[in-house]
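Encoded as structure tokens, the structure appears first; notes follow it.
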Amino acid sequence: MESQVGGGPAGPALPNGPLLGTNGATDDSKTNLIVNYLPQNMTQDEFKSLFGSIGDIESCKLVRDKITGQSLGYGFVNYSDPNDADKAINTLNGLKLQTKTIKVSYARPSSASIRDANLYVSGLPKTMSQKEMEQLFSQYGRIITSRILVDQVTGVSRGVGFIRFDKRIEAEEAIKGLNGQKPLGAAEPITVKFANNPSQKTGQALLTHLYQSSARRYAGPLHHQTQRFRPLSLIARFSPIAIDGMSGLAGVGLSGGAAGAGWCIFVYNLSPEADESVLWQLFGPFGAVTNVKVIRDFTTNKCKGFGFVTMTNYDEAAMAIASLNGYRLGERVLQVSFKTSKQHKA
DNA sequence: TAGTATT
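Position 107 (the first sequence) corresponds to 107 in UniProt numbering; numbering is contiguous.
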């Protein structure tokens, strides 16, 4: 279902009188900006500082992957004054930062209907320009972005591209209308389908990410551990650290409560927005997780900065701890350890 | 036949 944003009740059209939008409600459409094509390594602080140079910021957010904490390359800025939002578009849109040219525009009202509206197109004639591709697709709706991928050396089209529509239903109609069709004068039909959704990161992506960051840290001796065919080999291949048996486990709890038997792990420095799904996704790739719990403030319902995870197998729990302790999730560095009996007392 | 736009 569609959410109506800023509109009046359904029925006879209301006149655009001065009463509309003047009863204290914020008109986000004039102050809220979306910023795209940010350099991958830009931090929240740098983002805030760049857009704060224009005027007072009500709020801003660099959007990051929930699990890996990596920047997703876009963000939102909400100015106090609509004039500053306008100024930010005029002065910062098109700014070149490193290899990127950032795009600054008004954010559309958030709605489920605008999500998952990005299409992947292949089999395009190599001679087709971006503009021609847009003309082909524009009959199905409003195009937000389009891109044709080119060979990095020759600059020649690779025959594949992306089209983002304003609405998902527009994208669906474009698939129905254009998938398998030959553009005018083309020899081959094109393929049109929904683009892979990057937000559906898997545990594999987390492990790859951990492996890459630890490979940089430890630079070297990893490859020799490959292809040891223990059940844990999938994990072991990606782990930077060998686990040395069961030494030093005094005071560490092997729990057997209602949450199920297993090894209880203490996770510290979670963000106030953290939820159970983050813990499942962080620890799941390492093995059997039977329970996760985010500790929240009773009144605000925000995470108090820590949580617990119960894992069935010692080896997998130890591997998760070795890999995730010290892991940087956005601006935060996680502390991960077996829960001690001390922490349990109160 | 793959870049990254909805908090």
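C-beta atoms are modelled at their ideal positions from N, C-alpha and C, and glycine is treated no differently.
Could you check the C-alpha separation between residue i and residue j for me, to the nearest Å?
{"i": "Q335", "j": "L270", "result": "9 Å"}
{"i": "E46", "j": "L97", "result": "12 Å"}
{"i": "R328", "j": "V160", "result": "35 Å"}
{"i": "D86", "j": "Q44", "result": "21 Å"}
{"i": "V267", "j": "Q70", "result": "19 Å"}
{"i": "F306", "j": "L206", "result": "20 Å"}
{"i": "S146", "j": "V35", "result": "16 Å"}
{"i": "M133", "j": "D81", "result": "37 Å"}
{"i": "V150", "j": "S157", "result": "4 Å"}
{"i": "Y37", "j": "Q181", "result": "31 Å"}
{"i": "T300", "j": "M128", "result": "54 Å"}
{"i": "V292", "j": "V278", "result": "9 Å"}
{"i": "R168", "j": "K100", "result": "27 Å"}
{"i": "L72", "j": "Q40", "result": "7 Å"}
{"i": "Q225", "j": "T154", "result": "Summary for Q225: the model assigns pLDDT 36, below 50, so the residue's position carries little reliability; its value from the coordinates is reported in the next sentence. About 41 Å."}
{"i": "residue 350", "j": "F76", "result": "Look at the range of the chain in this structure, 1 to 346, and you will see that residue 350 is not part of it."}
{"i": "V104", "j": "I163", "result": "19 Å"}
{"i": "S138", "j": "F308", "result": "50 Å"}
{"i": "F194", "j": "S122", "result": "11 Å"}
{"i": "E170", "j": "L210", "result": "38 Å"}
{"i": "Y106", "j": "K304", "result": "34 Å"}
{"i": "N313", "j": "W280", "result": "15 Å"}
{"i": "Q152", "j": "M42", "result": "24 Å"}
Looking only at its own chain, which residues have a Cβ that is under 8 Å from the Cβ of residue i, when we skip the five neighbours before and after it?
{"i": "D166", "result": "R108, I114, A117, G141, R142, I143 and I144"}
{"i": "residue 347", "result": "Since the first and last residues shown for the chain are 1 and 346, residue 347 lies out of range."}
{"i": "K302", "result": "P272, E273 and R296"}
{"i": "M311", "result": "G262, W263, I265, F283, F286, G287, A288, V289, T290, A317 and A320"}
{"i": "T91", "result": "I54"}
{"i": "Q130", "result": "S146, R147, I148 and G161"}
{"i": "N325", "result": "L334, Q335, V336 and S337"}
{"i": "E58", "result": "T31, N78, Y79 and S80"}
List the residues that DSSP assigns as beta-bridge partners of residue i.
{"i": "S71", "result": "R64"}
{"i": "V333", "result": "R328"}
{"i": "N78", "result": "N32 and S59"}
{"i": "R147", "result": "F162"}
{"i": "S157", "result": "V150"}
{"i": "L119", "result": "I163 and F194"}
{"i": "T101", "result": "K96"}
{"i": "K293", "result": "F308"}
{"i": "Y140", "result": "Its beta-bridge partners do not exist; DSSP assigns none."}
{"i": "F338", "result": "I265"}
{"i": "Y106", "result": "L33"}
Considering only residues of the same chain and omitting the five flanking positions on each side of residue i, which have a CB-CB separation below 7 Å?
{"i": "G177", "result": "Y140"}
{"i": "Y74", "result": "I34, V35, N36, L38 and V63"}
{"i": "G94", "result": "T101"}
{"i": "Y66", "result": "A quick correction: the sequence has Lys, not Tyr, at residue 66. Excluding residues within five positions, the ones whose Cβ falls inside 7 Å are V278."}
{"i": "G245", "result": "Its pLDDT being 45, under 50, G245 is placed unreliably by the model, and nothing is read from it."}
{"i": "P189", "result": "G123, G180, Q181 and K182"}
So the candidates are the options; which of them puts its Cα closest to the Cα of residue i?
{"i": "R64", "options": "E331, F51, Q135 and T340", "result": "E331"}
{"i": "V192", "options": "M42, K304, G94 and L124", "result": "L124"}
{"i": "T208", "options": "L50, N32 and T68", "result": "T68"}
{"i": "F51", "options": "A88, D315, M42 and N83", "result": "A88"}
{"i": "A187", "options": "K126, F137 and Q281", "result": "K126"}
{"i": "G185", "options": "F308, L136 and N83", "result": "L136"}
I'd like the list of long-range same chain contacts for residue i, defined as Cβ closer than 6 Å, with 5 residues on each side in sequence excluded.
{"i": "K48", "result": "C60"}
{"i": "E276", "result": "V292 and V294"}
{"i": "I175", "result": "V192"}
{"i": "R84", "result": "The sequence shown places Asp at residue 84, not Arg. I54 and G55."}
{"i": "F298", "result": "none"}
{"i": "F229", "result": "In this prediction, F229 scores a pLDDT of 25, lower than 50, which makes its location untrustworthy; no coordinate-derived value is stated."}
{"i": "E173", "result": "Y140"}
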